[in-house]
Amino acid sequence: MALNHSYDARLVQQETAVGAGVQVLLLALIGTAIGMGPAGWLTGLAFATATWAALSRALHRARLRSFGAANRVTLGRAALVGGVTALVADSFQDSPPVSLLVGLTAVALILDGVDGKVARRTGTSTPLGARFDMEVDAFLILVLSVYVSMAMGPWVLLIGAMRYVFVAAARVWSWLTAPLPPSTARKTVAALQGVLLLLAGSGLLPHAADVGVVVLALGLLVWSFGRDVLWLWRTSRVRVVAPAAAEVRELVAG
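Quick note on numbering: UniProt numbering labels position 72 of the sequence shown as 72, and the sequence is numbered without any gaps.
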């Protein structure tokens with residue numbers, strides 16, 4: 001058992017240290033290229049530190065024997081998201097090149113479809129990998145919604161905040177924590193959020209068209225979350241009503 005613990009500790013140190021190092025290198029390249037200000041640097045470094053700490057803790061808990069190629073892809077995506085986060089923070093004081101932000105975001109979105117395929121092909125799918133992937137996706141959507149909201153207003157933040165509101169609500173209403181059935185529609189809507197927000201923030205379309213794109217993204221997200229919440233509520237009612245009905249039948253029979 002001690003050997004396994006030692007192996008896990010080395011795994012955590014090596015994999016997360018490489019990820020943090022890549023993040024800092026990317027920030028240095030961005031900072032050198034555009035002259036990034038203190039806000040961008042501090043936000044990017046804070047993201048790198050938080051990612052390193054959270055991932056290290058999760059790996060210690062999971063006791064994985066191997067970090068896995070899919071998680072390395074996700075870790076690379078996290079570094080790109082950290083770069084996007086730094087650029088968005090810097091945009092409050094300056095105007096970083098939109099092309100750089102669009103480029104980093106586009107690569108991160110493309111790689112979103114890679115890590116899952118790698119995990120399935122190598123047979124290394126794990127709950128930790130799925131959660132890591134989901135958290136990176138959710139944070140990227142939050143950051144993009146912040147960026148787009150600077151041009152369209154705070155209502156856009158609803159897109160980025162919705163998943164975190166759902167998580168907070170699940171701490172109050174436990175029935176929201178029940179597992180959901182697989183859904184292609186849910187996955188499609190989630191994937192579209194990043195694409196639509198990126199399109200709206202790219203400056204390629206007229207302002208009115210950008211607003212329409214973001215309204216579409218928000219509408220799809222509200223529909224997806226609403227459908228899932230309704231399913232979870234109905235399922236929770238069935239779990240409550242079924243035992244009660246069984247007790248009534250037993251009393252009548254008795």
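Yeah, the Cβ is synthetic: ideal placement off N, Cα and C, and Gly gets one too.
L205 carries a coil assignment under DSSP once its states are collapsed to helix, strand and coil.
Secondary structure of S224 (DSSP, three-state): helix.
DSSP, read as helix, strand or coil, puts M162 in helix. Per DSSP, the continuous alpha helix (DSSP H) segment holding L59 begins and ends at 38-62. Each of V107, D94, V73 was checked against the Cα of V195, and the nearest Cα belongs to V107.
Annotation: the continuous alpha helix (DSSP H) that includes T122 extends over 98-122. Secondary structure of S174 (DSSP, three-state): helix. In the DSSP assignment, G153 falls outside any alpha helix (DSSP H) and carries neither an H nor an E. DSSP places D94 in the coil class of the three-state scheme, outside both helix and strand. In this structure, G113 lies away from N71, with their beta-carbon atoms at least 7 Å apart. The residue among A17, Q23, T126 with its C-alpha nearest the C-alpha of R65 is T126.
In the assembly as shown, T51 is a buried residue. Its beta-carbon has 16 or more other beta-carbons within 10 Å. In the three-state reduction of the DSSP assignment, P127 falls in the helix class, which pools H, G and I.
A direct Cα-Cα distance of roughly 6 Å separates L218 from I159.
Between the segment 43-57 and the segment 76-92 there are three or more C-beta pairs closer than 8 Å, enough to call the two in contact.
Here L199 carries a helix assignment [DSSP, helix/strand/coil]. Annotated three-state conformation of G76 is helix, per DSSP. With contact defined as three or more Cβ pairs closer than 8 Å, the segment 54-68 and the segment 28-44 are not in contact.
Across the structure, A20 and A190 are spaced so that their CA atoms are roughly 27 Å apart.
Two segments are said to touch when three or more pairs of C-beta atoms, one from each, lie closer than 8 Å; by this definition the segment 161-176 does not touch the segment 202-215. Shortest Cα-Cα distance from T43 to any of S91, L221, V73 involves S91. Contact between V88 and V146 holds: CB atoms are separated by about 6 Å, below the 8 Å threshold.
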